[in-house]
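Asker:
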Amino acid sequence: MSAYVIVDIKVEEEAVFKQYAELADALLQEVPGFRNLTLDPQPETLEGTWKPSIVVVHEFPTYEAAKQFYYSDDYAPLIKLRQSGTQANVILVNGRA
1 MSAYVIVDIK VEEEAVFKQY AELADALLQE VPGFRNLTLD PQPETLEGTW KPSIVVVHEF
61 PTYEAAKQFY YSDDYAPLIK LRQSGTQANV ILVNGRA
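Per full-length UniProt numbering, the very first residue in the sequence shown carries number 1; after that it's consecutive.
1. Please state the DSSP three-state secondary structure of residue 19.
2. If we count Cβ pairs, one from each stretch, closer than 8 Å, do we get three or more for the segment 67-82 versus the segment 23-34?
3. Please report the straight-line C-alpha distance between residue 83 and residue 96, rounded to a whole angstrom.
4. Could you give the DSSP three-state label for residue 81: helix, strand or coil?
5. Which residue marks the beginning of the beta strand (DSSP E) containing residue 60, and which one marks its end?
6. Are there 16 or more other CB atoms within 10 angstroms of the CB of residue 20, so buried, or fewer, so exposed?
7. Between the alpha carbons of residue 32 and residue 61, how many angstroms are there, rounded?
8. What number of angstroms, rounded off, separates the C-alpha of residue 80 from the C-alpha of residue 59?
9. Whose CA, out of 16, 87, 4, 94, lies closest to the CA of residue 38?
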């Protein structure tokens, strides 16, 4: 069953985010079954008080594959890079069976 990583990210340092995005994209392309579903810089709140900055949705083939990627030794330095120039909320959710 697919799983989705959903990110609400506020960019504070554009150069840092650009570097992170390029490196992360290259690494993600190595994950079998990975798909980048969206990167929306202008999400629209239809209900509630959530005011996201940029929303990113990644699809992984399984929940375990998403966790394995996120906690991998290869991705760990990219998390630190991203955190140095952005503020983000990141969640992992299961797809429907």
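The beta carbon of each residue, even a glycine, is placed where N, CA and C say it ideally should be.
Answerer: With the given structure in hand:
1. Counted from its first residue, the sequence shown places residue 19 at position 19. Taken through DSSP and simplified to helix, strand or coil, residue 19 comes out as helix.
2. yes
3. Here the question's residue 83 lines up with position 83 in the sequence shown. Here the question's residue 96 lines up with position 96 in the sequence shown. Their Cα atoms are separated by approximately 30 Å.
4. Here the question's residue 81 lines up with position 81 in the sequence shown. Three-state result, residue 81: helix.
5. The residue given as residue 60 occupies position 60 in the sequence shown. That run of the beta strand (DSSP E) goes 54-60.
6. Counted from its first residue, the sequence shown places residue 20 at position 20. Counting the other Cβ atoms within 10 Å of the Cβ of residue 20 gives 16 or more, which makes it buried.
7. Locating residue 32 in the sequence shown gives position 32, where the first residue counts as 1. Locating residue 61 in the sequence shown gives position 61, where the first residue counts as 1. About 8 Å.
8. Here residue 80 refers to the residue found at position 80 of the sequence shown. Here residue 59 refers to the residue found at position 59 of the sequence shown. Distance between the alpha carbons of residue 80 and residue 59: 22 Å.
9. In the sequence shown, the residue the question calls residue 38 occupies position 38. The residue among 16, 87, 4, 94 with its C-alpha nearest the C-alpha of residue 38 is 4.
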